[in-house]
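Participant: Here you go, one structure.
In our numbering, the protein residues as written are 749 to 927.
Here it is in structure tokens:
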């Protein structure tokens, strides 16, 4: 998922193209997926990210840019897509093939929401934009999920590679320090 404008980053480049360790975040995510058991990789873009659509070296699914959920639904309706589907936000620049594989190894059927404990994110210095309670713990969505129908489960991981979503300048500084 790489259709974000990145307005909270106060930069002059589309969010997926913001560099961490001299590599655009979207390229770092695509490389992590390419080194994992994932079969096919698509970049889901929007009118907010035309330079990203032109930049990526994978097939592109263009959506209307109406928000994450609407764009995800549009992507899943594309005739090239067959479920189950691993979805990844382009703002996870620390993602590695090993972290993707570890999640896939825990998936067995249905949908899987991968979350990170809020306390873990805060200890790292990462921002928390949304959270929910799972088994008595406050957790935050990681940006990595499996969409595969019902039933849905939650997998909680204390993994800095999943904890750092670059949404604000401080997150970008943290990602660059940890990269």
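Even glycine gets a Cβ: it sits at the ideal position worked out from N, Cα and C.
Under the three-state reduction of DSSP, which class applies to residue 791: helix, strand or coil?
Facilitator: strand
Participant: Buried or exposed, going by whether 16 or more other CB atoms sit within 10 Å of the CB of residue 782?
Facilitator: Residue 782 comes out exposed.
Participant: Do you know offhand how far residue 943's Cα is from residue 788's?
Facilitator: Here the chain comprises residues numbered 749 to 927, so residue 943 is not present and cannot be evaluated.
Participant: Less than 7 Å between C-beta atoms, sequence neighbours within five positions excluded: which residues of the same chain meet that for residue 750?
Facilitator: 764, 774, 791, 792, 793, 797, 800, 838
Participant: Under 6 Å Cβ to Cβ from residue 807, same chain only, skipping five residues before and after it: list those, please.
Facilitator: So the qualifying residues of the chain are 790.
Participant: What residue range does the beta strand (DSSP E) around residue 892 cover?
Facilitator: Per DSSP, residue 892 belongs to the beta strand (DSSP E) from 885-895.
Participant: Out of 824, 813, 762, state which residue places its alpha-carbon closest to the alpha-carbon of residue 897.
Facilitator: 824
Participant: Which runs of the beta strand (DSSP E), 3 residues or longer, sit entirely within the stretch 808-849?
Facilitator: 808-810, 833-836
Participant: Measuring straight from C-alpha to C-alpha, what distance separates residue 746 and residue 817?
Facilitator: In the structure displayed, the chain extends from 749 to 927; residue 746 sits before or after that span and is not available.
Participant: Count Cβ pairs between the stretch 887-897 and the stretch 856-870 that sit closer than 8 Å; are there 3 or more?
Facilitator: The stretch 887-897 is in contact with the stretch 856-870.
Participant: Quick one, which of 805, 845, 752 has its alpha-carbon nearest residue 784's?
Facilitator: 845
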